[in-house]
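Visitor: For the sequence shown, this note's numbering gives the first residue as 1, with consecutive numbering after it.
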Amino acid sequence: MKRVVITGLGAITPVGNDVSSFWNSLTSGKCGIGPITKFDTEDYKVKIAAEVKDFDPLKYMEKSETRRQDVFAQYAFAAAAQAMQDSGLSTGGGVAQCRMDAPEANIAPERLGVYIGSGTGGMGTFMAEAQKILENGPRKVSPFFVPMMIGNMATGNVAIQFGAQGPPLPVVTACATSTNAIGEAFRAVKHGYADAVIAGGAEATVLPLAMAGFTNCMALTLRNEPQAASIPFDKRRDGFVLGEGAAVVILEEYEHAKARGAKMYGEIIGYGNTCDAYHMTAPHPEGLCAARAISEALLEAGISTGIDGQKAVLIKEADGDVIPAGAVYFNAHGTSTPLNDKTETKAIKTALGEEIAKKIHVSSTKSMTGHMLGAAGAIEAIATVLALQDGIVPPTIGYQEPDPECDLDITPNISVKADLELGISSSLGFGGHNGCLVFQRLSQKK
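1) Considering only DSSP beta bridges, list what HIS433 is partnered with.
2) Quick check on this structure: which residue in LEU386, SER295, LYS358 has the alpha carbon closest to the alpha carbon of PRO404?
3) Going by C-alpha to C-alpha distance, which of VAL146, PRO109, ALA219, GLY272 sits closest to ALA194?
4) Identify, in the order they occur along the chain, each residue of the same chain with its Cβ nearer than 7 Å to the Cβ of LYS45, setting aside the five sequence neighbours on each side.
5) Would you mind listing the beta strand (DSSP E) stretches within the segment 289-330 that are 3+ residues and don't spill past its ends, in chain order?
6) Between the Cα of CYS31 and the Cα atoms of GLU42, SER178, THR13, LYS38, which residue gives the shortest distance?
7) Can THR7 and ILE250 be called in contact, C-beta distance under 7 Å?
8) Is it true that the CB of ILE268 sits closer than 7 Å to the CB of PHE186?
9) Which residue comes first and which comes last in the beta strand (DSSP E) that contains GLY200?
10) What span of residues does the beta strand (DSSP E) with VAL4 cover, start to end?
11) Do GLY201 and ALA375 have their C-beta atoms closer together than 7 Å?
12) For HIS191, is the classification buried or exposed, using 16 other Cβ atoms within 10 angstroms of its Cβ as the cut-off for buried?
13) Taking the alpha-carbon positions, what's the ARG3 to GLU255 distance?
14) Specify, as a first and last residue, the run of the alpha helix (DSSP H) that ALA154 falls within.
15) Should GLU401 be labelled buried (16 or more other beta-carbon atoms within 10 Å of its own) or exposed?
16) Can the beta-carbon of PHE530 be found closer than 7 Å to that of THR335?
17) Answer yes or no: do VAL5 and MET218 have a C-beta to C-beta separation smaller than 7 Å?
18) Note down the Cα distance separating LEU386 from TRP23, rounded to an integer number of angstroms.
19) Identify which residue in ALA383, LEU388, ILE414 has its Cα closest to the Cα of GLY398.
20) Considering just the uninterrupted stretch of the alpha helix (DSSP H) at GLU255, what are its terminal residues?
21) What does a CB cutoff of less than 6 Å around PHE430 pick up in its chain, not counting 5 residues either side in sequence?
22) Where DSSP assigns a beta bridge to SER363, which residues make up the other side?
23) Per DSSP, what kind of secondary structure is SER20 in: helix, strand or coil?
24) What's the gap between the Cα of ASP276 and the Cα of GLU296?
25) Would you call ILE424 buried or exposed, if buried means 16 or more other Cβ atoms sit within 10 Å of its Cβ?
26) How is the beta strand (DSSP E) around ILE116 delimited, first residue to last?
27) Please list the terminal residues of the continuous alpha helix (DSSP H) segment that includes GLY213.
28) Which whole-angstrom value is the C-beta distance of VAL52 and GLY213, which I expect to be below 8 Å?
29) Apart from the five residues on each side of it in sequence, which residues of its chain come closer than 7 Å, Cβ to Cβ, to THR205?
30) Could you name the residues of the same chain whose beta carbon sits closer than 8 Å to that of GLU317, not counting the 5 residues immediately before and after it, in chain order?
31) Return the first residue and the last residue of the alpha helix (DSSP H) that ILE33 is part of.
32) What residues in its chain sit with their C-beta under 7 Å from that of GLN444, if we drop five residues either side in the sequence?
33) Would you give the residue range spanned by the alpha helix (DSSP H) that ILE356 belongs to?
34) To the nearest angstrom, report how far apart SER427 and GLU42 are at their CA atoms.
35) Can you have a look at PRO226 and say buried or exposed, based on whether 16 or more other CB atoms are within 10 angstroms of its CB?
36) Mind checking MET1: buried by the 16 CB within 10 Å criterion, or exposed?
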């Protein structure tokens, strides 16, 4: 099987519109939540969200293109453009190559794939065109309505822009979307179906209809206090904060990346994908299938639990090397809902064993970004990879009141320096979807 490394990163988020500003915000504990500015919230119970701020699509595309792409697809293209430029990959074709400082072709078009998902697709377009037909009849509906609205168009547009003729797969698994997209892209490269894949997720749902729907299904916090709204693992938590944005990673076959002298942020080594088959929106109360997703990802990564002396540790089965619990970072799904956080705590304990679970570094970066839905898994994967690279565990901010049912080390309020070797990122989605990714610091690979 082929090794898979991360050679490019891109991010449009509530705490920064590039990877550097995003990561600086996370490590300094900056909160991206604030009053909603995109519509009038007078009639809404929920008046806050984690909005993307100061996004300029014209940095990435022509004005005419913005009129043919929903905001979620604009976010996706911007993140993909950042990631591709960061990676130095080029097919030598595609619309975007002529307007970017792209290198000469270094990957065959048919060997570059695109796996960018979205939980809801072009909901803003859907709302706008529905209003037109209600007010002015069918003749006023835009001819671009369907291609702007459908959820696969982030993948399709990015492929067009970069000449990616390889496998395309726009995953849709609610809040697990981009974790699954990255996981499936990992498998595509690992098994030789592509040399590289542009993978991630995008969402743009800070909209009246989405806000009303999530509020009425009792998913969102009703605490309209930005600094005390998204508080994962805190006993006061009462729902998540809606976020938006996009995140994209470039996954590349190790030898291909090495041959062209690419920088490598880290290596992805495992992926787990399960379903609760229990309830439309609630997780299984014991977190058993969420735990199995973690276990399956570790199994593929060749990592098992064991005893070193009298301490429980993780062990690399290939060479017997020991990974101390303190060298592990777990980026939790951590939505700040009453059910999710205690269920995820159980899942982590079940998968790793209670002794290891209580010693690893855990945090929920949703305390700062809000819940970016289909983009959440990808932005959290980026946070995990950067934590390994820089040796910094980003915090869970806003934490004040411990919950005995959430008794892990959740890195409260302030980032922590640590010599990290292994990173785990978990996502749980409506419909019972569970996804988990495992990364390792590349220097640890012999």
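Where is the CB? At the ideal position from N, CA and C, for every residue including glycine.
Guide: This is what the structure gives:
1) CYS275, GLY429
2) LYS358
3) PRO109
4) THR215, LEU222
5) 303-308, 311-316
6) THR13
7) yes
8) yes
9) 196-203
10) First-last of the beta strand (DSSP E) with VAL4: 4-12.
11) yes
12) exposed
13) Rounded to the nearest angstrom, the two C-alpha atoms are 8 Å apart.
14) 153-162
15) exposed
16) For residue 530 there is no data in the structure shown, the boundaries of the chain being 1 and 446.
17) no
18) 8 Å
19) ILE414
20) 254-259
21) ALA174, THR281
22) ASN331
23) helix
24) 14 Å
25) buried
26) 112-117
27) It spans 208-216 - the alpha helix (DSSP H) in which GLY213 sits, taken as one unbroken run.
28) So it is not a contact: roughly 20 Å between Cβ atoms.
29) Cβ within range, chain order: THR120, MET123, LEU242, GLU244, LEU373.
30) Cβ within range, chain order: GLY302, ILE303, SER304.
31) No alpha helix (DSSP H) contains ILE33, which DSSP labels as neither H nor E.
32) A caution first: GLN444 carries a pLDDT of 45, below 50, which makes its placement in the model unreliable, though a value can still be read off. GLU421, listed in sequence order.
33) 354-357
34) Answer to the nearest angstrom: the Cα atoms are 33 Å apart.
35) buried
36) exposed
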